[in-house]
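Visitor: Can you keep this structure in mind? I'll have questions shortly.
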Amino acid sequence: MGGTMNADILFSIANGVAMAGWGILLLYYSLEHRFPLFRRPVEQAWIPLLLSVFYALVLTLSFTGLVPGSSGDFSSLAGVRSLFESDYALLAGWAHYLAFDLLVGIRIGLEAKRHGVSIFILIPVWFFAFMFGPAGYALWRFIRPMLIKGQQEGMV
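Residue numbering for the sequence shown is 1093 to 1248, as defined by my numbering.
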């Protein structure tokens, strides 16, 4: 019970950190001139880095047996399913999603800002990146050529 409670608390903290990251990204994009303190955390992706370190820490604790782990492998769907039977392994997987989805959202936002893309176009893209990760990235890649003409392919 104690391990589950701690995993639940860590889950809530990770979610809060990710939500703060998305909020800071939105403020940076729309009101950078009023909130210049958000520039470095966004442009240097501090919150995805923090979530990545959290992921690595939880994963290490799980692999070393310091928190309850699970057995499984990546050779089959059943093997992957069994990897996530532990609350801590599931927490690590969730932190992985949070970190990468926010990182993709930041990269999209930085490129869009560089080219003057309206936030009203970006919000639906960010919604899909936030909720469905790769779908948001795919949406950006599909609409990007219509929004940014005559530019060479960027990193995102």
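Ideal placement from N, C-alpha and C gives every residue a C-beta, glycine not left out.
Could you check whether Leu1175 and Ser1162 sit closer than 8 Å to each other, using their CB atoms as the reference points?
Guide: Along the sequence shown, read from residue 1 onward, the residue named residue 1162 stands at position 70. Along the sequence shown, read from residue 1 onward, the residue named residue 1175 stands at position 83. Going by C-beta atoms, Ser1162 is nearer than 8 Å to Leu1175.
Visitor: Can we say the stretch 1197-1215 touches the stretch 1133-1142, given the rule of at least three CB pairs closer than 8 Å?
Guide: Yes, since at least three Cβ pairs between the stretch 1197-1215 and the stretch 1133-1142 fall closer than 8 Å, the two stretches touch.
Visitor: Here's a check: name, in chain order, each residue in its chain whose Cβ is nearer than 8 Å to the Cβ of Met1093, leaving out the five neighbours to either side.
Guide: The residue given as residue 1093 occupies position 1 in the sequence shown. Below a pLDDT of 50, predicted positions are generally treated as unreliable, and Met1093, at 44, falls in that range; no measurement from the model is reported.
Visitor: So Ile1240 is in the alpha helix (DSSP H); what residue range does that whole segment cover?
Guide: Translated into the one-based positions of the sequence shown, residue 1240 becomes position 148. Annotation for Ile1240: no alpha helix (DSSP H) segment contains it, and DSSP assigns it neither H nor E.
Visitor: Buried or exposed: where does Ala1191 fall if 16 or more other Cβ atoms within 10 Å of its Cβ makes it buried?
Guide: Position 99 of the sequence shown, counted from the first residue, corresponds to residue 1191. Result: buried.
Visitor: On a CA-only basis, which of Ile1240, Lys1241 and Pro1216 is nearest Tyr1229? Give me that one, please.
Guide: As a working mapping, residue 1229 is identified with position 137 in the sequence shown. Checked all of Ile1240, Lys1241 and Pro1216; the closest Cα to Tyr1229 is Pro1216.
Visitor: Going by C-alpha to C-alpha distance, which of Lys1205, Ala1221 and Pro1226 sits closest to Leu1239?
Guide: What you label residue 1239 is simply residue 147 of the sequence shown in a count that begins at 1. Selected option, being the one with the closest Cα: Lys1205.
Visitor: How would you label Gly1113, buried or exposed, when you count the other beta carbons within 10 angstroms and need 16 or more for buried?
Guide: Stepping through the sequence shown from its first residue, residue 1113 is reached at position 21. Gly1113 is buried by the Cβ-count criterion.
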